[in-house]
Amino acid sequence: MSITVNYLSISTHKCLNMVNSLVKLTLAGVAVGFLGYCIYFDRKRRSDPEFRFKLAKRRKERALAAERSSMPVLPPLNDRRAVQKFFFDQIQLGEAALSTGSIDEGVQHFAFAIVCSQSPQLLQVLQQSLSPAIFSKLVAALPGVQKMVQEARAPAERVPIEEDLE
3 MSITVNYLSI STHKCLNMVN SLVKLTLAGV AVGFLGYCIY FDRKRRSDPE FRFKLAKRRK
63 ERALAAERSS MPVLPPLNDR RAVQKFFFDQ IQLGEAALST GSIDEGVQHF AFAIVCSQSP
123 QLLQVLQQSL SPAIFSKLVA ALPGVQKMVQ EARAPAERVP IEEDLE
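Using this note's numbering, read the sequence shown as starting at 3 and increasing by one per residue.
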């Protein structure tokens with residue numbers, strides 16, 4: 003009887019090894035199949051003639067969206083109170099950003115304040131109160147911010163003209 007029990011344990015052990023190796027082979031086959039699937043569709047996607055164009059377009063859209071999200075809502079130029087409030091808010095935000103160590107953000111807020119106020123005296127005051135490194139960053143950021151403000155206001159100025167034509 004002990005020979006039979008010994009034989010059963012050996013055959014059970016062989017069965018478990020066979021099932022174990024079968025599971026390993028199945029998992030390896032699934033992994034190879036998935037990898038082949040990924041390679042096939044990546045090759046298909048990259049061989050598309052429009053792929054690079056779509057990729058560049060998507061990157062430009064993301065960059066524009068990020069740029070627009072960082073831009074504050076501009077007040078109408080004909081509303082003096084709104085322009086003054088915007089000016090003071092940008093100055094306060096710039097000072098707060100500089101005090102927390104966020105130099106680029108502070109420079110951006112100061113640049114918006116300068117562009118919207120269009121006051122050369124503000125630039126002189128900031129030159130005296132800011133460090134030379136920060137002021138040089140501010141001067142370098144002014145043309146970019148001015149361009150952003152002009153582009154943001156251009157569609158708003160065109161809308162009434164189109165409405166008048168209709």
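Ideal Cβ positions, reconstructed from N, Cα and C, are used throughout, including at glycine.
| Query | Result |
| --- | --- |
| By the three-class DSSP mapping on this structure, what secondary structure does Q110 have? | helix |
| Going by DSSP in three states, G103 sits in which element: helix, strand or coil? | coil |
| So, with DSSP's three-state summary, where would you put L66? | helix |
| Compare the beta carbon distance of L140 and V109 with 8 Å and say whether it is the shorter of the two. | yes |
| Kindly indicate which three-state DSSP category L37 falls into: helix, strand or coil? | helix |
| Leaving out five residues on either side along the sequence, give the residues of the same chain with a beta carbon under 7 Å from the beta carbon of F89. | A115, C118, S119 |
| Does the separation of the CB atoms of F137 and Q126 fall below 8 Å? | no |
| Buried or exposed: V147, going by 16 or more other Cβ atoms within 10 Å of its Cβ? | buried |
| Any idea if F43 is buried or exposed, counting beta-carbon neighbours within 10 angstroms, 16 or more meaning buried? | exposed |
| Work out the CA separation of D50 and L29 for me, nearest whole Å. | 32 Å |
| Would you mind sorting G103 into buried or exposed? The rule is 16 or more other CB atoms within 10 Å of its CB. | exposed |
| Quick one: residues in its chain with C-beta nearer than 6 Å to the C-beta of Q86, no 5 flanking neighbours on either side, listed in chain order? | none |
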